[in-house]
Every structure is written in structure tokens, then in C-alpha cells.
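Presented below is the structure to which this report refers.
In the working numbering, the protein residues as written are 17 to 212.
As C-alpha cells, then:
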């Protein structure tokens with residue numbers, strides 16, 4: 017086969033492949049968008065540049081990466097509006113008055129430990145108002161609420177017991193995510209975050 021014929025053959029083969037890639041790429045981007053946006057603060061923010069991720073942050077990241085997120089809204093009004101009296105938009109001083117002295121405290125985030133099985137992180141915006149709350153329940157006997165009590169619907173668990181679902185509430189101005197890790201001693205993470 018001459019060089020000219022070889023070039024023509026390669027061009028003929030390349031054209032359909034380019035079209036296929038052009039059609040598949042936007043669909044792939046749409047599939048990954050719910051897991052990337054909005055991101056939970058546990059995977060995007062740390063208190064210091066050298067701080068290593070906590071066990072629950074790592075678990076939340078793995079769960080969000082491996083589980084499909086749903087943006088479907090079961091109801092227009094969220095069921096989960098506050099945690100121990102703390103709602104989004106509350107000033108840092110008011111958060112601390114309701115939750116007590118944090119184990120870690122900064123202008124960006126407070127970390128509260130209520131027991132060996134329950135803890136919470138509250139993230140603050142530039143005005144020092146709560147813009148995200150992540151509650152973590154550790155272990156099978158941690159008395160974590162069921163998904164239906166948080167997002168208004170059940171979540172079908174995977175074979176390993178893990179589950180994840182995110183629900184947006186545009187009228188309320190925030191989204192909720194319910195995540196449970198796999199294993200006999202799972203962690204349940206409930207995230208409430210303002211939408212940008």
C-alpha cells in the first residue's frame with residue numbers, strides 16, 4: 017500500500033472515531049458532575065495546609081467517589097433543617113453556644129466531639145456564619161438516623177451495605193447528602209451545605 021493510500025485509509029478510520037468521542041465525552045462529563053459539584057467541605061477544606069485527612073473525611077471521599085449521587089428532590093421542603101439547634105447561616109458564636117466548646121476551633125471550621133460515636137464539623141464562610149454542617153455517627157450502635165428521616169426517602173444499599181444519596185433543595189438554598197460506609201462498623205455521614 018502506498019503512503020498516499022495509507023493516509024487516506026487512516027483519515028477514513030479517524031473520522032468516525034472522532035465523532036464517537038465527541039458524542040461520548042459530554043455524556044461522561046454529565047455523569048461525573050453530581051459527585052463533583054457541589055463538593056462536601058470534608059473533601060475540599062482543611063484547617064491547615066499540613067493537616068492529614070481524618071478517617072471520616074477519607075471515608076466520605078471514597079463513598080462519594082464510588083456511589084452515584086441523586087439530585088432528585090423527594091419534596092420541596094427539607095426534613096433536616098438543623099442539628100442540635102444549629103442551622104445554616106447561624107453565627108459562629110451562636111453555634112458554639114448551642115454545641116459547646118469545640119475540640120478544634122478556627123475561623124473556618126469547628127470540630128465537636130459529643131461521644132465516641134457522634135461528632136460534627138461546622139464550616140464557616142467569610143462572614144463567620146455556618147455554611148456547612150457534617151455530622152458523623154460511628155459504628156453500628158451509633159443510633160444514626162435513617163435516610164428517610166433526613167432526605168425523605170429510603171436509599172437502596174449496595175451489596176457491601178454502603179449507600180449514598182444527595183438531594184438538592186433550591187427553595188431552601190441548600191443540599192443534603194446521606195452517606196454510609198461499608199462494613200460491620202459503618203460510619204454514617206449527614207452533610208448539609210448551602211448552595212453557591
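Here a beta-carbon is modelled for each residue, glycine too, at the ideal position from N, C-alpha and C. Since we're looking at a predicted model, the values are computed, not measured.
>> So for residue 104, helix, strand or coil by DSSP?
In response: As a working note, residue 104 is residue 88 in the chain shown. Residue state, collapsed to three classes: coil.
> Would you report the Cα separation of residue 202 and residue 170, rounded to the nearest angstrom?
Replying inline: Taking the chain shown and counting its residues from 1, one reaches residue 202 at position 186. Taking the chain shown and counting its residues from 1, one reaches residue 170 at position 154. Cα to Cα, the separation comes out at about 17 angstroms.
> In this structure, what does DSSP give as the bridge partners for residue 204?
Replying inline: Taking the chain shown and counting its residues from 1, the one referred to as residue 204 is at position 188. DSSP output for residue 204 lists 153 and 196 as bridge partner(s).
> In its own chain, which residues sit with a C-beta less than 7 angstroms from the C-beta of residue 191, not counting the 5 before and 5 after it?
Replying inline: One-based indexing of the chain shown puts residue 191 at position 175. So the qualifying residues of the chain are 54, 182, 183, 184, 185, 209 and 211.
> By how many angstroms is the C-alpha of residue 138 removed from the C-alpha of residue 146?
Replying inline: Along the chain shown, one-based indexing puts residue 146 at 130. Along the chain shown, one-based indexing puts residue 138 at 122. Straight-line Cα distance between these residues: approximately 6 angstroms.
>> Taking its Cβ as the centre, do 16 or more other Cβ atoms sit within 10 Å of residue 130, making it buried, or is it exposed?
In response: As a first step, residue 130 is located in the chain shown; it is residue number 114 there, counting from the start. By the 10 Å Cβ count, residue 130 comes out exposed.
>> Let me confirm a value: residue 176 is counted as buried when at least 16 other C-beta atoms fall within 10 Å, else exposed. Which label applies?
In response: Position 160 of the chain shown, counting from 1, holds the residue named residue 176. Under this definition residue 176 is an exposed residue.
> From residue 135 to residue 150, what distance separates their C-alpha atoms?
Replying inline: Reading the chain shown from its first residue, position 119 is the one you call residue 135. Reading the chain shown from its first residue, position 134 is the one you call residue 150. Roughly 9 angstroms separates the two Cα atoms.
>> In this structure, how does DSSP classify residue 133 when only helix, strand and coil are distinguished?
In response: As a working mapping, residue 133 is identified with position 117 in the chain shown. Note: residue 133 maps to coil in three-state DSSP.
>> DSSP three-state label for residue 98, please.
In response: The count along the chain shown starts at 1 and reaches residue 98 at position 82. Here residue 98 sits in coil by DSSP.
> From this set, 188, 104 and 114, which residue's C-alpha is nearest residue 141's C-alpha?
Replying inline: Within the chain shown, residue 141 is the residue found at index 125, counting from 1. Ranking 188, 104 and 114 by Cα distance to residue 141 puts 104 first.
>> Tell me the residue span of the beta strand (DSSP E) that contains residue 181.
In response: Residue 181 sits at position 165 when you count from the first residue of the chain shown. It spans 179-185 - the beta strand (DSSP E) in which residue 181 sits, taken as one unbroken run.
>> Let me check one thing: in DSSP terms, what residues is residue 145 bridge-paired to?
In response: To locate residue 145, count along the chain shown from 1; it is residue 129. Paired residue(s): 107.
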